[in-house]
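A.B. asks: Add 1 to the 1-based position in the sequence shown for this note's numbering, that's all there is to it.
C-beta atoms are modelled at their ideal positions from N, C-alpha and C, and glycine is treated no differently.
All figures in this text were calculated on a predicted structure; none of them were measured in a lab.
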Amino acid sequence: MLKSRINRVMEDPSRGVGLIEVLVAMMIFALVSVGIVHSLLAVTIQVRDSKAREIATNLASQEIDSVRSTDNLFTLLDETYTPDPIGGQNFTVTRSAQWVTDPDADSVCGGVAGTTARDLQYKLVSVTVTWDGMRNRARPVYADTLIAPGARVSGPQQSTILVYVENPSGGGTPGVTIETDPAVTPAPTPTDAQGCSYIPKVTPGTYKVTVTTPNFVDAEQKKPPTQTVTVQEGESGAAFFRAAPQQPLEVTYASNYTDPAVVLPDNLTTSFMHESDPIYSVDGGNSKTLTHNLYPFAEPYKAVAGRYVEANDGTAGCRSTNPAEWPTTVVGAETLESAPLESAAPGTGAKLSVPMGVVSIAKESGIRTITAVSQSAGPAGTADPGCAALTMTYTFTVTNGNSTILAALPFGSWQLYKGDSAASPEFLVGLTPKTRGSVSLGGIVTLDPRDVL
2 MLKSRINRVM EDPSRGVGLI EVLVAMMIFA LVSVGIVHSL LAVTIQVRDS KAREIATNLA
62 SQEIDSVRST DNLFTLLDET YTPDPIGGQN FTVTRSAQWV TDPDADSVCG GVAGTTARDL
122 QYKLVSVTVT WDGMRNRARP VYADTLIAPG ARVSGPQQST ILVYVENPSG GGTPGVTIET
182 DPAVTPAPTP TDAQGCSYIP KVTPGTYKVT VTTPNFVDAE QKKPPTQTVT VQEGESGAAF
242 FRAAPQQPLE VTYASNYTDP AVVLPDNLTT SFMHESDPIY SVDGGNSKTL THNLYPFAEP
302 YKAVAGRYVE ANDGTAGCRS TNPAEWPTTV VGAETLESAP LESAAPGTGA KLSVPMGVVS
362 IAKESGIRTI TAVSQSAGPA GTADPGCAAL TMTYTFTVTN GNSTILAALP FGSWQLYKGD
422 SAASPEFLVG LTPKTRGSVS LGGIVTLDPR DVL
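#1: Excluding sequence positions up to five away, which residues of its chain have a Cβ less than 7 angstroms from the Cβ of L78?
#2: Thinking C-beta only, is V218 closer than 8 angstroms to N294?
#3: At a Cβ threshold of 8 angstroms, is A144 touching chain D?
#4: For F298, does the three-state DSSP call read helix, strand or coil?
#5: Can you give the Cα-Cα distance for V453 and V263, rounded to whole angstroms?
#6: Please classify Y302 as buried or exposed, where buried requires at least 16 neighbouring CB atoms within 10 angstroms.
#7: What's the C-alpha gap between E343 and Y281?
#8: Quick check on S51: does DSSP put it in helix, strand or coil?
#9: Give the straight-line distance between the Cα atoms of I56 and D85, rounded to the nearest whole angstrom.
#10: Nearest-angstrom Cα distance between P411 and V446?
#11: Assign S441 to one of three DSSP states: helix, strand, or coil.
#12: Taking all protein chains shown into account, do 16 or more other C-beta atoms lie within 10 angstroms of the C-beta of A239, making it buried, or fewer, making it exposed?
#13: Thinking A144 and Y254 are a contact (beta carbons under 8 angstroms), I'd like their distance in whole angstroms, please.
#14: Going along the chain, which unbroken runs of the beta strand (DSSP E) with 3 or more residues stay wholly within the stretch 221 to 279?
#15: Have a look at V68, A220, P266 and flag the residue whose alpha-carbon is nearest the alpha-carbon of M274.
#16: Is it buried or exposed for L121, if we count other Cβ within 10 angstroms and need 16 for buried?
#17: Quick one: what does DSSP say L407 is sitting in, helix, strand or coil?
#18: What are the start and end residues of each continuous beta strand (DSSP E) run of 3 or more residues lying completely inside the stretch 365 to 392, in chain order?
#19: Which one or two residues does DSSP pair with F30 in a beta bridge?
#20: Put G36 into one of helix, strand or coil per three-state DSSP.
#21: What's the C-alpha gap between G285 and A306?
#22: Could you work out which residue in R320, T405, T398 is closest to S377 when comparing CA atoms only?
#23: Pull up the distance between the alpha-carbon of A389 and that of S127, whole angstroms please.
#24: Can you tell me which of the three DSSP states V458 falls into?
#25: Determine the direct distance from the alpha carbon of G173 to that of T204, and round the result to whole angstroms.
#26: Within 8 angstroms, do at least three Cβ pairs link the stretch 57 to 68 to the stretch 27 to 39?
#27: If we count Cβ pairs, one from each stretch, closer than 8 angstroms, do we get three or more for the stretch 363 to 372 versus the stretch 321 to 328?
#28: Let me check one thing: in DSSP terms, what residues is P434 bridge-paired to?
#29: State the DSSP-derived secondary structure class of D66, mapped to helix, strand or coil.
#30: If you compare alpha carbons, which of E276, Q90, S441, P183 is closest to V130?
#31: Relative to the alpha-carbon of K223, which residue among T394, P246, E251 has its alpha-carbon at the smallest distance?
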């Protein structure tokens, strides 16, 4: 019998399972198993996400119910918090709250800078809930509500002043003190966590609103920051400040001329330039090293001595004070061009060097004051870009001592007079530029910032 079975197998070699069949069967089993596991995982993730979304929806609903029960809407502010884990899942609740006066306007603290609007109508509260492990395409849970105050914020014959203080990063600054002129009762409260302060129930009229927190400066270099707001009956007016604690910037003048005998004008001004804002002229003095306290822009400042005004469609500007405005000129084998201006961001230890032109003036007996007046255009051949937009007038106090005066002036063309006024002009003679420059036949000295570079 055994022999007959062996013979049957030997007669039909295709009987049984080969290696290829085994491999194919194992591959099919693996593919089916992977598909089953993937389906189970997808179902598990979907169930977990649905459960988390349901909990998040309940949290958002609870937050909306909570804010609706708030008695004082002025205490309802932005907030982000993490409640206790639910079902082993961590959630984050973010609430934003904003007063609304005009639903069609993009407002901050309920107002728009420089405009008037209706009084505070209601507060828009938006709630967002997220959770750990959210899928990339999963959307948070959102909920919004509008809450009207129980009574008018101000009476029908009264007004509201809205104040917002923005920091250099673009967010609100809390804790900033505010005062108004004329004064109001009660006194304004400091800005809240959103950088807002609300002054309700004021008599309609014009108010000067001032930031009184010590050492604050605004983006226009005004100290203290001040704005004027006019409000009408039943309306609100807004005063928005870009203000922050001032930061020091030490400036060294006439840094390109090292003679210690150099003197600066008694009333020298400095123009600070910032790439994203206008040019600001700041009063100074006659010290060769002076610390200016400035608004702390994130980007650095550049500075020039004197007043600098860019040219535009309406004015030729006052460009001669800025070395960057002077053209590059080829004279023989030499190329004259201005060195780049230094830049520095204000802060502890920050320093900036500002070059100036220097002219030697022969001292005359009896002269106690010298006056320098800028010229709208330089003499022919000087390449001076001119200062047509304004006239700068600087004075020097003459002291006993050397027979000459080394006077530092902003770059450009100047007429120098004896005395403290050009009303009865008596021109000075004996002028010799000590930095690159020239003196015309009319006694106008041109101080040129360019050099052979």
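C.D. replies: The structure says:
#1: Here the question's residue 78 lines up with position 77 in the sequence shown. Within the same chain, L78 has close Cβ partners A98, D193, A194, Q195.
#2: The sequence position of residue 294 within the sequence shown is 293, counting from 1. The sequence position of residue 218 within the sequence shown is 217, counting from 1. In contact: N294 and V218 (Cβ atoms closer than 8 angstroms).
#3: The chain labelled as chain D is not found in the depicted structure, where only one protein chain is given.
#4: Counting from 1 along the sequence shown, the entry for residue 298 is found at position 297. F298: coil per DSSP, three-state reduction.
#5: Locating residue 453 in the sequence shown gives position 452, where the first residue counts as 1. Locating residue 263 in the sequence shown gives position 262, where the first residue counts as 1. Each residue's Cα considered, the two are about 23 angstroms apart.
#6: Position 301 of the sequence shown, counted from the start, is the residue given in the question as residue 302. Answer is buried; the Cβ neighbour count reaches 16.
#7: Numbered from 1 along the sequence shown, position 342 holds the residue referred to as residue 343. Numbered from 1 along the sequence shown, position 280 holds the residue referred to as residue 281. About 17 angstroms.
#8: What you label residue 51 is simply residue 50 of the sequence shown in a count that begins at 1. Reduced to three states, the DSSP call for S51 is helix.
#9: Along the sequence shown, one-based indexing puts residue 56 at 55. Along the sequence shown, one-based indexing puts residue 85 at 84. Going from the Cα of I56 to the Cα of D85 covers about 12 angstroms.
#10: Against the sequence shown, residue 411 aligns to sequence position 410. Against the sequence shown, residue 446 aligns to sequence position 445. Near 12 angstroms, if we compare the C-alpha coordinates of V446 and P411.
#11: Translated into positions along the sequence shown, residue 441 becomes position 440. Of the three classes helix, strand and coil, the one that applies to S441 here is coil, per DSSP.
#12: As a working note, residue 239 is residue 238 in the sequence shown. Buried, by the Cβ-count rule.
#13: As a first step, residue 144 must be located in the sequence shown, where it is residue number 143. As a first step, residue 254 must be located in the sequence shown, where it is residue number 253. That pair is no contact at about 59 angstroms.
#14: 227 to 232, 236 to 246, 248 to 254, 270 to 275
#15: Working through the sequence shown from its first residue, we reach residue 274 at position 273. Among V68, A220, P266, the Cα nearest to that of M274 is on A220.
#16: Locating residue 121 in the sequence shown gives position 120, counting from the first residue. Looking at its Cβ environment, which holds 16 or more other Cβ atoms inside 10 Å, L121 is buried.
#17: Here residue 407 refers to the residue found at position 406 when the sequence shown is read from its first residue. L407 falls in the strand class under three-state DSSP.
#18: 370 to 375
#19: As a first step, residue 30 is located in the sequence shown; it is residue number 29 there, counting from the start. According to DSSP, F30 bridges with nothing at all.
#20: The residue given as residue 36 occupies position 35 in the sequence shown. Of the three classes helix, strand and coil, the one that applies to G36 here is helix, per DSSP.
#21: Locating residue 285 in the sequence shown gives position 284, where the first residue counts as 1. Locating residue 306 in the sequence shown gives position 305, where the first residue counts as 1. Distance between the alpha carbons of G285 and A306 is about 10 angstroms.
#22: Walking along the sequence shown from the start, residue 377 turns up at place 376. Of R320, T405, T398, the residue nearest in Cα terms is R320.
#23: Here residue 389 refers to the residue found at position 388 when the sequence shown is read from its first residue. Here residue 127 refers to the residue found at position 126 when the sequence shown is read from its first residue. A389 and S127: Cα-Cα distance of roughly 54 angstroms.
#24: No information on residue 458 is available, as it lies outside the stretch 2 to 454 that the chain covers here.
#25: Here residue 204 refers to the residue found at position 203 when the sequence shown is read from its first residue. Here residue 173 refers to the residue found at position 172 when the sequence shown is read from its first residue. Their Cα atoms are separated by approximately 27 angstroms.
#26: no
#27: no
#28: Counting from 1 along the sequence shown, the entry for residue 434 is found at position 433. Answer is V360, bridged to P434.
#29: The sequence position of residue 66 within the sequence shown is 65, counting from 1. Three-state result, D66: helix.
#30: Position 129 of the sequence shown holds residue 130. Nearest option by C-alpha distance: Q90.
#31: Residue mapping note: residue 223 aligns to position 222 of the sequence shown, counting from 1. Here the closest residue by C-alpha is P246.
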